[in-house]
């Protein structure tokens, strides 16, 4: 079940690169991008990525988005996001079916409603949702009609209708799942090919799977309390990966990255179009 023994302070943003056949993930607070055999050290907090081509990732950091070349370890910034706000950093993000990239921000110390969720699309950055405390669970259904997201502190998963032509939000988001007053918080999420919603639940040692109608269908436990984000990958996209955070924990596996076979098939991550 342990995919990688590296203990991340705040593991996040796992991405299975479909053409490289390799998992990438971040340790946000250590400012690192990881693979199983290598890591890259950055000077700013990095948290999420989408794939551009065989050798380049679009990476979100505390001042915006940049294109990072995995072969030369060099990057070019292509968009500014909250560059003049020193108390925020990027958090959860994912490429959308139109080649855009959604990215959330949050306060460095979790300041209430300090963050927002943005979309980068064909060179334009637009703020979608403001007043977000902890942006998470950004993902998209297979038929591209809706997106999901959460502000973890609200314990609510939101569903947003998307325009068929270009993927911009249509109307206001609606509450899809309300977890109420749980001791854990909904963190990162991903949707499989059948439309099931897989949610890492911070503080619950698990990833929980919900059917398209919101019914809880299964839970998968991991040996780390602070499970942070799932991703599908491996042969046939039948492996579920999950990052975790070691911050504030003392267990032997807290902060490690996990992998397990599941009876589900994930979506390949969408390619970012610059």
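Numbering (the working numbering), first residue to last: 3 to 276.
For each residue, glycine too, the CB sits at the ideal point set by N, CA and C.
Cβ pair residue 195, residue 268 closer than 9 Å: yes
Integer Cβ distance of residue 247 from residue 223, believed to fall under 8 Å: About 16 Å; that fails the 8 Å criterion.
6 Å CB neighbourhood of residue 262 in its chain, flanking five on each side removed: 3, 242
The segment 206–213 touching the segment 59–76, judged by at least three CB pairs closer than 8 Å: no
Cβ-based neighbour list, residue 37, same chain, cut-off 7 Å, excluding 5 preceding and 5 following: 24, 25, 26
Sequence-distant residues of its chain with Cβ nearer than 8 Å to residue 238 (five each side left out): 267
Where residue 44 sits in the DSSP three-state scheme: coil
Residue 17 versus 44, 33, 59, 240, residue with shortest Cα-Cα distance: 59
Sheet register partners of residue 171 (DSSP bridge): 164
Cβ separation of residue 158 and residue 179, assumed to be a contact under 8 Å, to the nearest whole Å: 7 Å
Selection from 107, 53, 126 that minimises the alpha carbon distance to residue 119: 107
N- and C-terminal bounds of the beta strand (DSSP E) containing residue 201: 199–204
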